[in-house]
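Mind the numbering: the sequence shown is residues 1 to 301 in full-length UniProt numbering, read in order.
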Amino acid sequence: MTQFQQTTSRTTTTTTTRQDRIDAAVNSWVSRRFPVPEVKTGTVNLRTLTVQQRNGLLEGPMVTIARNNVTIAQVYKRALMATSEFGNKIIRENPLANEIGLVDNTAHLDTNALKKVLGWLSRECIGMEDFHPIPKGRNTVEACKILHVATVLGMRCYTAHISAYFHNYINDQTVLLGYHELDALLAAVDVSDSLIQHLAKDLAHRRYTKAIPDVDDFAEYLKTQPALASAMDAIDQQHANERNVRAKKKLAAQAAAARFEDRKNRAEERRKANEQRRQEHFMASLQQARGGRSGGYGMSL
């Protein structure tokens, strides 16, 4: 009985010590001077914070981001929790963790893009009066990789300028994304993403209007991107359905106009017939009133 009590006592002490460490870790997530307590439950829009609060996120304990035991970056826990849905969830589930290992869907993120996105959590980028967005990269492929990192880490709200860049690029009818750019963009975000849906609509329109230079090459490429091909086919079908609806409405309108014209013509014919009958009736009545005489009233022979 005594041994059991001692074991229980030791276990209780150990548990209490661990709980104390957890409590201390949780408390360290929030700056005392410029608190942002919302990070304890989820991410925060940095644009709604004061400069002091943003700088408060760039203090306190740090966490190492690693892959295959290789360090990629070290960032402040507060900043990561405030900006990354992925980071916030991991840290809240593991308050004592000093390292986050990238596995599963984060294992294949581009290293340079990771460094740029995580390096953005710095005083120069988010701690100044002028808020700087996540860098876009030097070219389209780099922008795709950065967008991929931001998407997986749950930081897309800070890449609106990158999405806008791609929307404008896709909308430019004087250029067409190269296959390497399409590959990079399709690898960056899911086909259900609004950006890819916009791309699919544009490509479907160009294909329909025969604005794609080499149709056979493009058809072969789509075989390697079945998700994009399916999205384009769905858009084609939607447009075909809309064209059918418009055609049916046009035919219905033409039929209605023809019926209206027919009714109008028949009404005019009836009016003329009625007018003719009235005229004939009038002349008959007039002839009768004259007693069959051809002269006017009061005339005598």
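C-beta: ideal position from N, C-alpha, C; glycine also.
Please read these numbers as outputs of a predicted model, since none were measured by experiment.
CA-to-CA distance, L228 to I235, given in whole angstroms
On the sequence shown, position 235 is the one that residue 235 refers to. On the sequence shown, position 228 is the one that residue 228 refers to. Taking the straight line from one Cα to the other gives about 11 Å.
Determine the DSSP secondary structure at E220, reduced to helix, strand or coil.
Position 220 of the sequence shown, counted from the first residue, corresponds to residue 220. E220 falls in the helix class under three-state DSSP.
By Cβ distance, which residues of its chain are closer than 7 Å to V36, with the 5 residues on each side in sequence left out?
For the purposes of this step, residue 36 is taken as residue 36 along the sequence shown, with counting starting at 1. Closer than 7 Å at Cβ, skipping near neighbours: V30, V44, L49, Q53, G56, L57 and A82.
Using the three-state DSSP reduction, which class does A73 fall into: helix, strand or coil?
As a working mapping, residue 73 is identified with position 73 in the sequence shown. Correct three-state label for A73: strand.
Please return the same chain residues whose Cβ sits closer than 8 Å to the Cβ of S122, not counting the five positions on each side in sequence.
Mapped onto the sequence shown, residue 122 falls at position 122. Correct list, in chain order: L58.
Measure from the alpha carbon of residue 303 to the alpha carbon of each residue in M128, L153 and I134, then state which is nearest.
No statement about residue 303 is possible, as the shown extent of the chain runs from 1 to 301 and does not include it.
Taking C-alpha atoms, which residue in R47, A97 and Q238 lies nearest to S28?
As a position in the sequence shown, residue 28 is number 28, starting the count at 1. For the residues R47, A97 and Q238, the minimum Cα distance to S28 belongs to A97.
What's the C-alpha gap between V175 and A160?
Numbered from its first residue, the sequence shown carries residue 175 at position 175. Numbered from its first residue, the sequence shown carries residue 160 at position 160. So the two alpha carbons sit approximately 22 Å from each other.
Reference R33, options G60, R18 and R21, closest by Cα
Within the sequence shown, numbered from 1, the residue matching residue 33 stands at position 33. Closest by alpha carbon: G60.
Below 9 Å between beta carbons: does that hold for L185 and T140?
On the sequence shown, position 185 is the one that residue 185 refers to. On the sequence shown, position 140 is the one that residue 140 refers to. Taking 9 Å as the Cβ cut-off, L185 and T140 qualify as a contacting pair.
Burial state of L251, where buried means 16 or more other Cβ atoms lie within 10 Å
In the sequence shown, the residue the question calls residue 251 occupies position 251. By the neighbour-count rule (16 or more Cβ atoms within 10 Å), L251 is not buried but exposed.
Have a look at the DSSP bridge pairing and note the partners of M81.
In the sequence shown, residue 81 corresponds to position 81, counting from 1. Looking at the DSSP assignment, M81 forms no beta bridge with any residue, so it has no partner.
Provide the residue(s) that pair with R67 in DSSP beta bridges, ordered along the chain.
Looking up residue 67 in the sequence shown gives position 67. The partner list for R67 (beta bridge, DSSP) reads V70.
How long is the line joining the alpha carbons of H132 and I126, rounded to whole angstroms?
Reading the sequence shown from its first residue, position 132 is the one you call residue 132. Reading the sequence shown from its first residue, position 126 is the one you call residue 126. Roughly 6 Å between the two C-alpha positions.
Ends of the alpha helix (DSSP H) at G101?
In the sequence shown, counting from the first residue as 1, residue 101 sits at position 101. Not the alpha helix (DSSP H): G101 falls in the beta strand (DSSP E), residues E99 to G101.
Please state whether DSSP places M232 in a helix, a strand or coil.
The residue labelled residue 232 in the question sits at position 232 within the sequence shown. Residue state, collapsed to three classes: helix.
Which residues mark the beginning and the end of the alpha helix (DSSP H) in which Q225 is found?
Mapped onto the sequence shown, residue 225 falls at position 225. No alpha helix (DSSP H) contains Q225, which DSSP labels as neither H nor E.
Integer-rounded CB distance, given that I146 should sit under 8 Å from V117
Position 117 of the sequence shown holds residue 117. Position 146 of the sequence shown holds residue 146. Their Cβ separation, rounded to whole angstroms, is 6 Å, which keeps V117 and I146 in contact under 8 Å.
Rounded C-alpha distance that separates A258 from K264:
To locate residue 258, count along the sequence shown from 1; it is residue 258. To locate residue 264, count along the sequence shown from 1; it is residue 264. Spanning the two alpha carbons is a distance of roughly 10 Å.
Runs of alpha helix (DSSP H) wholly within the stretch 19 to 63 (minimum 4 residues, chain order):
51 to 56
Would you say K223 lies against chain B (beta-carbon separation less than 9 Å)?
Chain labels in this structure do not include chain B; a single protein chain is all it has.
How many Å lie between L46 and D190 at the Cα?
Counted from its first residue, the sequence shown places residue 46 at position 46. Counted from its first residue, the sequence shown places residue 190 at position 190. Roughly 25 Å between the two C-alpha positions.
What's the C-alpha gap between A289 and R278?
Numbered from its first residue, the sequence shown carries residue 289 at position 289. Numbered from its first residue, the sequence shown carries residue 278 at position 278. One C-alpha to the other measures close to 16 Å.
On the premise that I100 lies in contact with I134, defined as a C-beta separation below 8 Å, what is that separation, rounded to the nearest angstrom?
The count along the sequence shown starts at 1 and reaches residue 134 at position 134. The count along the sequence shown starts at 1 and reaches residue 100 at position 100. Not really, about 19 Å apart at Cβ, beyond 8 Å.
Proximity of T151 and D193 at Cβ, strictly below 9 Å:
Your numbering for residue 151 matches position 151 in the sequence shown. Your numbering for residue 193 matches position 193 in the sequence shown. Closer than 9 Å, so yes.
Considering just the uninterrupted stretch of the alpha helix (DSSP H) at Q197, what are its terminal residues?
In the sequence shown, counting from the first residue as 1, residue 197 sits at position 197. Counting along the chain, the alpha helix (DSSP H) containing Q197 begins and ends at S194 to Y208.
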